[in-house]
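Asker: One rule links them: number in the numbering used here = place in the sequence shown (from 1) + 216. For each residue, glycine too, the CB sits at the ideal point set by N, CA and C. Bear in mind the structure is a predicted one, so any value in this text is a computation, not a measurement. Let me begin by handing over the structure; questions about it come next.
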Amino acid sequence: MVEDSEDEAFLLYSELRSRGLSLNWARVDTKHDMAVALAQEDWDLILCDHNMPGFDSGSALVVAQHSGKDVPFIIYSGRISDQQAFSAMDAGVQDYVEKGNYSRLIPVIERELKNASARHVARHADTRIRELVLFDPLSSLPNHALFCSKVQEAVAQAQQEGKAPSGAVIGLDLDRFLRINSSFGFETGNDILRQFSARLGKVLPASAVLARIAGDSFAVFLPGPVDRSVVDAVAQNIRGCLDAPFDKDGIELFVTASLGVAVLPDDGIEVNELLMNAETAVTHVKRLGGNLVQYYQHVMNANSGERLALEADLRHAIERDQLFVEYQPCVDAASGKLVGVEALLRWQHPERGLIGPDHFIPIADESGIIVGIGEWVLQEACRQGRLWQDAGFDIYLSVNVSAVQFAQPRTLEVVSRVLHESGFAPGSLQLEITESVLMHDAGSAVGMLRALKNMGLRISVDDFGTGYSSLSYLKRLPIDVLKIDKSFVHDLPHGGEDAAITRAIIALARSLKLGTVAEGVETEAQARFLQAEGCDRCQGYFFGYPVSAEALQARLVADASLENIN
217 MVEDSEDEAF
227 LLYSELRSRG
237 LSLNWARVDT
247 KHDMAVALAQ
257 EDWDLILCDH
267 NMPGFDSGSA
277 LVVAQHSGKD
287 VPFIIYSGRI
297 SDQQAFSAMD
307 AGVQDYVEKG
317 NYSRLIPVIE
327 RELKNASARH
337 VARHADTRIR
347 ELVLFDPLSS
357 LPNHALFCSK
367 VQEAVAQAQQ
377 EGKAPSGAVI
387 GLDLDRFLRI
397 NSSFGFETGN
407 DILRQFSARL
417 GKVLPASAVL
427 ARIAGDSFAV
437 FLPGPVDRSV
447 VDAVAQNIRG
457 CLDAPFDKDG
467 IELFVTASLG
477 VAVLPDDGIE
487 VNELLMNAET
497 AVTHVKRLGG
507 NLVQYYQHVM
517 NANSGERLAL
527 EADLRHAIER
537 DQLFVEYQPC
547 VDAASGKLVG
557 VEALLRWQHP
567 ERGLIGPDHF
577 IPIADESGII
587 VGIGEWVLQE
597 ACRQGRLWQD
607 AGFDIYLSVN
617 VSAVQFAQPR
627 TLEVVSRVLH
637 ESGFAPGSLQ
647 LEITESVLMH
657 DAGSAVGMLR
667 ALKNMGLRIS
677 VDDFGTGYSS
687 LSYLKRLPID
697 VLKIDKSFVH
707 DLPHGGEDAA
717 ITRAIIALAR
727 SLKLGTVAEG
737 VETEAQARFL
747 QAEGCDRCQG
757 YFFGYPVSAE
767 ALQARLVADA
777 SLENIN
């Protein structure tokens, strides 16, 4: 209540109370006191005398408007001219009521309170709509649309000031996040995304714009001139957010991220181009195994075009009968007898010729095509394995399982169905899973491996020694074989460190009652070293190249004939 007379103010208060209005009120009569009152509390209504010593309704209205609050302003005063009343309403006053006219004042107050409430509801709805349109509901971070708007505003401002746009866009994807969703459910995945978002907000510069773009993909914009050292520091802070595990019912879940950086203006000034180039760099990191930072390079787009073409062709390779399986022998190290084979996928492209697995398997993994291709390889290998069993050849068959396949809950169903349909003996099937895949989430891996073992299969840890296995986890894993990576075999028997590592792996396997297979054996000296150290089996060009099923069967027949002669 803006009123210079305490008696007038109390009279109005008493009259309103007598008419059923519950009031919390304050009287002010100066510009300063009114500004303080508006700042300290949120008022529903302002009733103002028109003319007071040193203060009037016009000045009071200016104070109310400068407060930034939407409070209905009613002039309650002695008689003023119509022109004064109209001018006041043009300036923003809601109404004018002559003092003492309570029969009109009460309806005006009720009307303005309802109008103010309606405006509040509308503002809240507008705010909520803006949140839904511009913010991600899961993380409460800006979404793709708001991120793009912020970047374009920064670019436009620089151009208006006659400066070259500058800054950096960092794209980041969480690595192998699908496994968490498939193993623990989407709610756990969503909780990790919320926690990660909160962690990011604490380590980024105040000027940075952080957004959740989609799924487990985020983006950071660093505005203004930033040199590489600043970007590197921010990238390391982002990766550092993931050093601490996320907790799921007492289980520690570790997550890593792949980061790609696009720099303004070298890599573009249009936000969509910057995001695309940053994501191209992220994709490059993922091909290298993830958990790295990569700056965008223009050559990456040329490579991406070729990869997209290969991906398109690969999607039709099975139906067009372009894929086939070759089998590489695995021999007993002591006797040299062929005891098993590894199924290796090949692609005969109608135009490009024979494409090596190093070129198309990463594409299949990245695109998810590997799930269908992996199922086809398992079907084809088990079908052929059953034919060899029916012909009387007792050998085991190894089939590789990719990280993407291993993360699929339906993998168990696929393996069970293929074994049933092919009739291949489960005890003769060995699935090879890389060490890095198992160690990435060893807790989840144990359950999957046990389910596979319960079917009667054998499990081999491929590329052993190249990852970072925890011995405590290794003891928990239900596995059968450690496969020594060819990088350790290459310099045997002379490579001092490689020889020591190979001996250590063989000794470790023996202590855990696991078998060992050395891959990449190409010379007699390597074979003799491995035999002397007690390696169980060997595989490599020295013992046989990958060959067709027909060629391998011919070797099996020849070996059997030789045994009969002896």
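Would you report the Cα separation of Thr627 and Arg633, rounded to the nearest angstrom?
Answerer: About 10 Å.
Asker: Can you tell me whether Tyr511 is helix, strand or coil according to DSSP?
Answerer: In the structure shown, Tyr511 sits in a strand (DSSP, three-state: E or B).
Asker: Go ahead and label Pro441 buried or exposed: buried means 16 or more other beta carbons lie within 10 angstroms of its beta carbon, across all protein chains shown.
Answerer: So Pro441 counts as exposed.
Asker: Going by CA-CA distance only, name the one from Arg503, Thr650, Glu489 that's closest to Ala580.
Answerer: The shortest C-alpha separation from Ala580 is found at Arg503.
Asker: So Trp592 is in the alpha helix (DSSP H); what residue range does that whole segment cover?
Answerer: Trp592 -> alpha helix (DSSP H) spans 586–606.
Asker: Should Cys364 and Val487 be called a contact, given that it needs their Cβ atoms to be closer than 8 Å?
Answerer: Closer than 8 Å, so yes.
Asker: What did DSSP end up calling Cys264 once you bin it into helix, strand or coil?
Answerer: Residue state, collapsed to three classes: strand.
Asker: Where does Ser433 sit, in a helix, a strand or coil, going by DSSP?
Answerer: Strand at Ser433.
Asker: Please classify Asn488: does DSSP put it in a helix, a strand, or coil?
Answerer: In this structure, Asn488 counts as helix in the three-state DSSP scheme.
Asker: So Leu239 packs on Ala280, CB below 8 Å; how close in whole Å?
Answerer: The pair is not a contact, with the Cβ atoms about 19 Å apart (cut-off 8 Å).
Asker: State the Cα-Cα distance for the pair Val705 and Gln742, rounded to the nearest angstrom.
Answerer: Each residue's alpha carbon lies about 7 Å from the other.
Asker: Could you tell me the distance, in whole angstroms, from the CA atom of Leu362 to the CA atom of Thr650?
Answerer: When rounded, the distance between both Cα atoms is 41 Å.
Asker: What is the DSSP secondary structure of Val252, reduced to helix, strand or coil?
Answerer: Residue state, collapsed to three classes: helix.
Asker: Am I right that Phe745 and Pro694 are in contact with their C-beta atoms under 8 Å? What's the rounded C-beta distance?
Answerer: Not a contact, Cβ separation roughly 30 Å.
Asker: When you compare only the Cα positions, how much space is there between Val515 and Phe609?
Answerer: Roughly 50 Å separates the two Cα atoms.
Asker: Nearest-angstrom Cα distance between Ala525 and Arg568?
Answerer: If you take the alpha carbons of Ala525 and Arg568, they lie about 12 Å apart.
Asker: Give me, in chain order, the residues of the same chain whose beta-carbon lies closer than 8 Å to that of Ala307; leave out the 5 immediate sequence neighbours on both sides.
Answerer: Result list for Ala307: Gly274, Leu277, in chain order.
Asker: Is the segment 370–387 close to the segment 475–486, with three or more CB pairs under 8 Å?
Answerer: They touch, by the three-pair rule.
Asker: Are Trp592 and Phe576 close, meaning C-beta to C-beta below 8 Å?
Answerer: Not a contact, by the Cβ cut-off of 8 Å.
Asker: Just to check my reading of the structure: Tyr292 and Val313 have Cβ atoms closer than 8 Å, yes? What is that Cβ distance to the nearest angstrom?
Answerer: Going by Cβ atoms, the distance from Tyr292 to Val313 rounds to 5 Å, so yes, they are a contact pair.
Asker: If Leu613 sits next to Gly556, beta carbons under 8 Å apart, how far is it from one beta carbon to the other, in whole angstroms?
Answerer: Yes, they are in contact, since the Cβ atoms of Leu613 and Gly556 sit about 7 Å apart, within 8 Å.
Asker: Roughly how many angstroms separate the alpha carbons of Ser221 and Cys264, rounded to a whole number?
Answerer: Going by the C-alpha atoms only, they are around 11 Å apart.
Asker: The alpha helix (DSSP H) with Asn453 in it runs from where to where?
Answerer: Here the alpha helix (DSSP H) through Asn453 covers 444–456.
Asker: If I follow the unbroken beta strand (DSSP E) through Ile291, where does it start and stop?
Answerer: 289–293 is the span of the beta strand (DSSP E), which, as asked, contains Ile291.
Asker: Determine the closest residue to Thr732 out of Val509, Pro358, Phe226, Asp701, with distance taken between C-alpha atoms.
Answerer: Per the Cα distances, Asp701.
Asker: Throw me the rounded Cβ distance for the Glu648 and Lys699 pair, which I believe falls under 8 Å.
Answerer: 7 Å between Cβ atoms; contact.
Asker: Who are the Cβ neighbours of Pro625 in its own chain at under 7 Å, not counting the five residues just before and after it?
Answerer: Closer than 7 Å at the Cβ level, and outside the excluded window around Pro625, lie Ser398.
Asker: Is Val697 buried or exposed, if buried means 16 or more other CB atoms sit within 10 Å of its CB?
Answerer: Label assigned to Val697: buried.
Asker: Does DSSP classify Tyr785 as helix, strand or coil?
Answerer: Outside the modelled stretch of the chain, which goes from 217 to 782, sits residue 785, for which no answer is possible.
Asker: Nearest-angstrom Cα distance between Asp465 and Leu654?
Answerer: Using only the alpha carbons, I get a separation of about 21 Å.
Asker: Leaving out five residues on either side along the sequence, give the residues of the same chain with a beta carbon under 6 Å from the beta carbon of Asp311.
Answerer: Same-chain partners within the cutoff: Ile290, Val324.
Asker: Let's see if you can read the secondary structure: which residues bound the beta strand (DSSP E) around Ala533?
Answerer: Taken as a continuous stretch (DSSP letters only), Ala533 belongs to no beta strand (DSSP E), as it is neither H nor E.
Asker: Is it right to say Glu637 is buried, meaning 16 or more other beta carbons lie within 10 angstroms of its own, or is it exposed?
Answerer: Answer is exposed; the Cβ neighbour count stays below 16.
Asker: For Val471, I'd like the list of residues in its chain whose CB is within less than 6 Å of its CB, leaving aside the five on either flank, ordered along the chain.
Answerer: Here the set comprises Leu390, Leu458.
Asker: Buried or exposed: which applies to Ile781, given that a residue is buried once 16 or more other Cβ atoms fall within 10 Å of its Cβ?
Answerer: So Ile781 ends up on the exposed side.
Asker: Use the C-beta contact count for Arg753: other C-beta atoms within 10 angstroms, 16 or more gives buried, fewer gives exposed.
Answerer: Counting Cβ neighbours within 10 Å, Arg753 comes out buried, since at least 16 surround it.
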